[in-house]
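**Q**
There are 2 protein chains.
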Amino acid sequence: MLFVPMSISIKSLHITMESKMSALNEQALEYVAKYFKALAEPMRLKVLNALQDGEKNVSQLTQLSGGTQANVSKHLTLLAQYNLVKRESRGTNVYYRIADPSVYELCELVCGQIGKRMNLEEDIKKLFTATSQTN
Amino acid sequence: MLFVPMSISIKSLHITMESKMSALNEQALEYVAKYFKALAEPMRLKVLNALQDGEKNVSQLTQLSGGTQANVSKHLTLLAQYNLVKRESRGTNVYYRIADPSVYELCELVCGQIGKRMNLEEDIKKLFTATSQTN
DNA sequence: GCACTATATAACCATATAGTTATATAGTCA
DNA sequence: TGACTATATAACTATATGGTTATATAGTGC
Numbered sequence: 001m002l003f004v005p006m007s008i009s010i011k012s013l014h015i016t017m018e019s020k021m022s023a024l025n026e027q028a029l030e031y032v033a034k035y036f037k038a039l040a041e042p043m044r045l046k047v048l049n050a051l052q053d054g055e056k057n058v059s060q061l062t063q064l065s066g067g068t069q070a071n072v073s074k075h076l077t078l079l080a081q082y083n084l085v086k087r088e089s090r091g092t093n094v095y096y097r098i099a100d101p102s103v104y105e106l107c108e109l110v111c112g113q114i115g116k117r118m119n120l121e122e123d124i125k126k127l128f129t130a131t132s133q134t135n
Numbered sequence: 136m137l138f139v140p141m142s143i144s145i146k147s148l149h150i151t152m153e154s155k156m157s158a159l160n161e162q163a164l165e166y167v168a169k170y171f172k173a174l175a176e177p178m179r180l181k182v183l184n185a186l187q188d189g190e191k192n193v194s195q196l197t198q199l200s201g202g203t204q205a206n207v208s209k210h211l212t213l214l215a216q217y218n219l220v221k222r223e224s225r226g227t228n229v230y231y232r233i234a235d236p237s238v239y240e241l242c243e244l245v246c247g248q249i250g251k252r253m254n255l256e257e258d259i260k261k262l263f264t265a266t267s268q269t270n
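Respectively, the protein sequence lines represent chains B and G. Residue numbering for the first sequence follows this note's numbering, beginning at 1 and increasing consecutively. Residue numbering for the second sequence follows this note's numbering, beginning at 136 and increasing consecutively.
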């Protein structure tokens with residue numbers, strides 16, 4: 001048995017194991033980066049958002065997101081690869097659902113940060129100055 | 136006073152305001168996506184990681200990250216734009232520090248997710264199979 | 001079998017960006 | 001002032017990827 005210990009020091013992204021650290025950290029960093037990247041796309045966030053109140057099939061997601069079928073399908077495939085959504089075929093439809101509600105924790109944290117630290121409110125006000133004149 | 140309410144329903148990324156929702160959601164989604172994108176880069180994660188135990192100047196970060204000065208500087212500029220790090224010139228040096236420890240909460244959540252939902256342990260074992268033979 | 005529908009994928013284009021090299025900027029000290 | 005150091009930036013290349021269109025695949029029902 002070569003590799004037993006698996007305690008992950010989250011904060012530092014160091015992973016204590018009986019082996020070379022540098023290589024693994026490099027790999028771990030890329031792993032984490034890819035995970036963030038999966039979430040770093042408006043259309044994918046939109047799809048995740050649409051799945052918040054339960055599973056939906058590709059047609060529904062295509063409609064809700066306003067994207068094309070091919071594009072939505074591509075994003076769903078990627079999200080499934082990262083285990084952010086679960087895929088289930090039923091008949092000729094394919095239903096997707098959020099794999100884990102913790103995805104929303106993530107968004108919560110990020111949105112919280114944005115609100116607190118990136119002056120989202122200011123930005124929103126600016127955005128609205130441009131779009132809300134019709135009200 | 137045009138825009139008062141600012142309650143952000145984080146989970147759904149809906150922002151309740153007295154105005155058009157679709158446009159803003161679009162903007163908000165892009166905002167969140169960009170934030171994730173800032174974190175979706177191994178070198179930037181490495182830099183953030185290096186800053187965990189306190190501020191460092193560009194030379195130090197260049198050394199620690201193993202990148203070139205120009206590249207590290209570019210990433211630092213981007214991180215500063217997203218308020219992930221704070222910049223402070225002292226003499227001819229420029230020191231950077233983590234703007235907010237919540238960045239690590241984010242990593243914690245992501246790493247936790249990865250560990251739980253993406254079989255990081257399995258992957259790590261595989262990675263180590265390749266790199267730890269020299270031990 | 002065939003027609004029909006739903007989803008996935010291939011091929012392609014356009015854009016964004018990480019990294020490099022070279023240079024500019026700015027602070028320090030003589 | 002000029003030499004020196006630290007950092008930022010400009011110009012460029014190469015790569016990755018989001019979106020599109022067209023096509024393939026697969027399930028259903030006749």
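Glycine residues also receive a C-beta, built at the ideal position from the N, C-alpha and C atoms. Values in this document were obtained by computation on a predicted structure and should not be read as measured data.
Could you tell me whether the Cβ atoms of A168/G and E41/B are closer together than 8 Å?
**A** Contact flag set, yes.
**Q** So, with DSSP's three-state summary, where would you put N83/B?
**A** Coil at N83/B, not helix or strand.
**Q** Let me confirm a value: N206/G is counted as buried when at least 16 other C-beta atoms fall within 10 Å, else exposed. Which label applies?
**A** Exposed.
**Q** Please list, in chain order, all residues of the same chain as Y82/B whose beta carbon is under 7 Å from its beta carbon, the five residues on each side excluded.
**A** Once the five neighbours on either side are set aside, the close Cβ partners of Y82/B are Y35 and A38.
**Q** List the endpoints of the continuous alpha helix (DSSP H) containing T62/B.
**A** V58 to S65 is the span of the alpha helix (DSSP H), which, as asked, contains T62/B.
**Q** How would you call Q63/B, buried or exposed, if buried means at least 16 neighbouring beta carbons within 10 angstroms?
**A** Exposed, since its Cβ has fewer than 16 Cβ neighbours within 10 Å.
**Q** CA-CA distance, T264/G and Q27/B?
**A** Interpretation of T264/G is limited by its pLDDT of 40, a score under 50 that renders its predicted location unreliable; the figure taken from the coordinates is listed afterwards. When rounded, the distance between both Cα atoms is 13 Å.
**Q** How would you list, in chain order, the residues of chain G whose beta-carbon sits under 8 Å from the beta-carbon of K56/B?
**A** Going along chain G, no residue has its Cβ under 8 Å from K56/B, so there is no contact; the nearest lies around 14 Å.
**Q** Who does E88/B pair with in a DSSP beta bridge?
**A** Note: E88/B sits in a beta bridge opposite Y95/B.
**Q** Does the separation of the CB atoms of R232/G and L186/G fall below 8 Å?
**A** A contact, by the Cβ cut-off of 8 Å.
**Q** Using Cβ-Cβ distances below 9 Å, what residues of the region 32 to 45 of chain B are close to chain G?
**A** Listed in sequence order: V32, A33, K34, Y35, F36, K37, A38, L39, A40, E41, P42, M43, R44 and L45.
**Q** Does the beta-carbon distance from L196/G to V238/G come in below 8 Å?
**A** Going by C-beta atoms, L196/G is not nearer than 8 Å to V238/G.
**Q** So, are the CB atoms of V193/G and V229/G less than 8 Å apart?
**A** Cβ atoms of V193/G and V229/G: closer than 8 Å.
**Q** If you reduce the DSSP assignment to three classes, tell me which class Q187/G lands in.
**A** Three-state result, Q187/G: coil.
**Q** I believe K181/G touches L29/B by the beta-carbon criterion, under 8 Å. Please report the beta-carbon distance rounded to the nearest angstrom.
**A** K181/G to L29/B, Cβ: 6 Å. Contact.
**Q** Starting from the beta carbon of L29/B, find every residue of chain G whose beta carbon is closer than 8 Å, and list them in chain order.
**A** Result: P177, L180, K181 and N184.
**Q** Could you give the distance in angstroms between the alpha-carbon of K209/G and the alpha-carbon of S73/B?
**A** Roughly 34 Å separates the two Cα atoms.
**Q** Compute the Euclidean distance between the alpha carbons of Q69/B and T203/G, then round it to the nearest angstrom.
**A** Roughly 42 Å separates the two Cα atoms.
**Q** Give every residue of the same chain whose Cβ lies closer than 7 Å to the Cβ of S200/G, excluding the five residues on either side of it in the sequence, and list them in chain order.
**A** So the list reads M178, K181, V182, A185 and V207, once near-sequence residues are dropped.
**Q** Tell me which same chain residues have a C-beta within less than 8 Å of the C-beta of Y101/B, skipping the five on either side of it?
**A** Contrary to the premise, residue 101/B reads as Pro rather than Tyr in this sequence. Counting only Cβ-Cβ distances below 8 Å, and skipping sequence neighbours, we find nothing.
**Q** Rounding to the nearest angstrom, what Cα-Cα distance links D53/B and R87/B in this structure?
**A** C-alpha separation (whole angstroms): 16 Å.
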